[in-house]
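Engineer: What follows is a structure written as structure tokens; I'll ask about it next.
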Amino acid sequence: GYDVVCISPRPYFIFTPLLASTAVGTVEQRSIVESIRVSNPTATYIEGEMDGLFAQEKRITVRSKLRANESFSFAYDYLIYAAGSVVNDFGIQGVTEHCCFIK
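Residue numbers for the sequence shown follow the working numbering, so the first one is 183 and each next one is one higher.
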């Protein structure tokens, strides 16, 4: 057997190609959001962010999103790392301070 553990800062996945449609009302937000717990009932979910990787020891450190200033160590046999995405402001001054990013 095996145990699957998902560590993510958010308890849901978003289908981003339809995200702009929710802003204008052509699609409801609930139509593009999928709960991690519902979509993967056999997986254990931890709400946090990986902040350290120790490959030789097969261990990561995780910063909790639920408890401020709490981190813990997590051992693994196999690690699948998905980096996610970051919004690009293309270096335009003031964009980060004055815009509401969709993604």
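Just so you know, even glycine gets a beta-carbon here, dropped at the ideal spot from N, CA and C.
Kindly give me the distance between the Cβ atoms of residue 243 and residue 234, rounded to whole angstroms, as I take these residues to be in contact under 8 Å.
Structural biologist: As a working note, residue 243 is residue 61 in the sequence shown. As a working note, residue 234 is residue 52 in the sequence shown. Going by Cβ atoms, the distance from residue 243 to residue 234 rounds to 4 Å, so yes, they are a contact pair.
Engineer: In terms of alpha-carbon separation, which member of 276, 209 and 230 lies closest to residue 192?
Structural biologist: Position 10 of the sequence shown holds residue 192. Taking only the C-alpha atoms, the option nearest residue 192 is 230.
Engineer: Whose C-beta lies closer than 6 Å to the C-beta of residue 197 among residues of the same chain, with five residues either side of it excluded?
Structural biologist: Counted from its first residue, the sequence shown places residue 197 at position 15. The answer, listed in chain order, is 214.
Engineer: What span of residues does the beta strand (DSSP E) with residue 262 cover, start to end?
Structural biologist: Here the question's residue 262 lines up with position 80 in the sequence shown. Premise fails: residue 262 is in no beta strand (DSSP E) and is neither H nor E.
Engineer: Is residue 205 helix, strand or coil when you go by DSSP?
Structural biologist: Position 23 of the sequence shown, counted from the first residue, corresponds to residue 205. Residue 205: helix per DSSP, three-state reduction.
Engineer: I'd like to confirm the pairing. Which residues does DSSP put opposite residue 274 in its beta bridges?
Structural biologist: Position 92 of the sequence shown, counting from 1, holds the residue named residue 274. The partner list for residue 274 (beta bridge, DSSP) is empty, contrary to what the question assumes.
Engineer: Taking only the alpha-carbon atoms, compute the straight-line gap between residue 278 and residue 183 and give it to the nearest angstrom.
Structural biologist: One-based indexing of the sequence shown puts residue 278 at position 96. One-based indexing of the sequence shown puts residue 183 at position 1. So the alpha carbons of these two residues sit roughly 46 Å apart.
Engineer: On the three-state DSSP scale, how would you describe residue 229?
Structural biologist: Stepping through the sequence shown from its first residue, residue 229 is reached at position 47. Residue 229: strand per DSSP, three-state reduction.
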